[in-house]
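Visitor:
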Amino acid sequence: MEFHSAKTLGQAANSPREGLVEWKSFPLAQDTTIRVFPFVASEGARHYEWIANDVVIPIEVQPGQAVDLTMGRLDVDHVKVTKEDGTTYQATGQYRVWRKAKDGAWVPVRSAVQAADCRATGNVVHPTGTGMDLPPGDYSLVVDYVTAEGPQKKTEYVTLP
1045 MEFHSAKTLG QAANSPREGL VEWKSFPLAQ DTTIRVFPFV ASEGARHYEW
1095 IANDVVIPIE VQPGQAVDLT MGRLDVDHVK VTKEDGTTYQ ATGQYRVWRK
1145 AKDGAWVPVR SAVQAADCRA TGNVVHPTGT GMDLPPGDYS LVVDYVTAEG
1195 PQKKTEYVTL P
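The numbering of the sequence shown is my numbering, which starts it at 1045 and goes up by one.
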């Protein structure tokens, strides 16, 4: 997960780091909460973003206000398959995650592949039996796996509070 603090005014236009004051990378575990202590009024306007696995969440905060950021966890198990004789087994597969944007469109989520990754730099397909840390929101999870009957697809919708 990366947390960015950027000035909204006074930076050189078209600069590769336009508006960026600093960024910090935090290692996260399930149910991690980060407390943000923003700028003071005398520092002027700033814009904060919380970026985790390619999901950008703008943070609206006023001088002197503190904000708690809580990370959710989406774990994807192998798929439980029931045979005709009633026995079950776990099928491995792969999954993709989409986040519902403000306009209602579903946007693919890319997982960061190294600590400095910020946006659109990681993997889209992940093996079952793994998971990812994500900010609160609505997500679509599509799992592809193979059974004796051939390729299968399972779709679920999840809301992380």
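By construction, the Cβ of each residue, glycine as well, lies at the ideal position given by its N, Cα and C atoms. Keep in mind it's a predicted model, so treat the numbers as computed, not measured.
Give me whichever residues DSSP pairs with M1176 in a beta bridge.
Guide: Answer is L1118.
Visitor: Just to confirm before moving on: does the CB-CB distance between P1205 and G1148 stay below 9 Å?
Guide: For P1205 and G1148, no; Cβs fall outside 9 Å.
Visitor: Could you tell me the distance, in whole angstroms, from the CA atom of H1122 to the CA atom of R1143?
Guide: When rounded, the distance between both Cα atoms is 21 Å.
Visitor: Please confirm whether V1151 and V1168 have their CB atoms less than 9 Å apart.
Guide: Not closer than 9 Å, so no.
Visitor: Please name the residue in Y1183, Y1201, K1197, I1103 whose C-alpha comes closest to that of V1125.
Guide: Of the candidates Y1183, Y1201, K1197, I1103, the one whose C-alpha sits nearest the C-alpha of V1125 is K1197.
Visitor: How would you call T1199, buried or exposed, if buried means at least 16 neighbouring beta carbons within 10 angstroms?
Guide: Exposed: under 16 other Cβ atoms inside 10 Å.
Visitor: Do W1094 and L1113 have their beta-carbon atoms positioned less than 9 Å apart in this structure?
Guide: Yes, Cβ-Cβ distance for L1113 and W1094 is below 9 Å.
Visitor: Where does A1145 land, buried or exposed, given buried means 16+ other C-beta within 10 angstroms?
Guide: Its Cβ having fewer than 16 others within 10 Å, A1145 is exposed.
Visitor: According to the Cβ coordinates, are V1187 and T1203 closer than 9 Å?
Guide: For V1187 and T1203, no; Cβs fall outside 9 Å.
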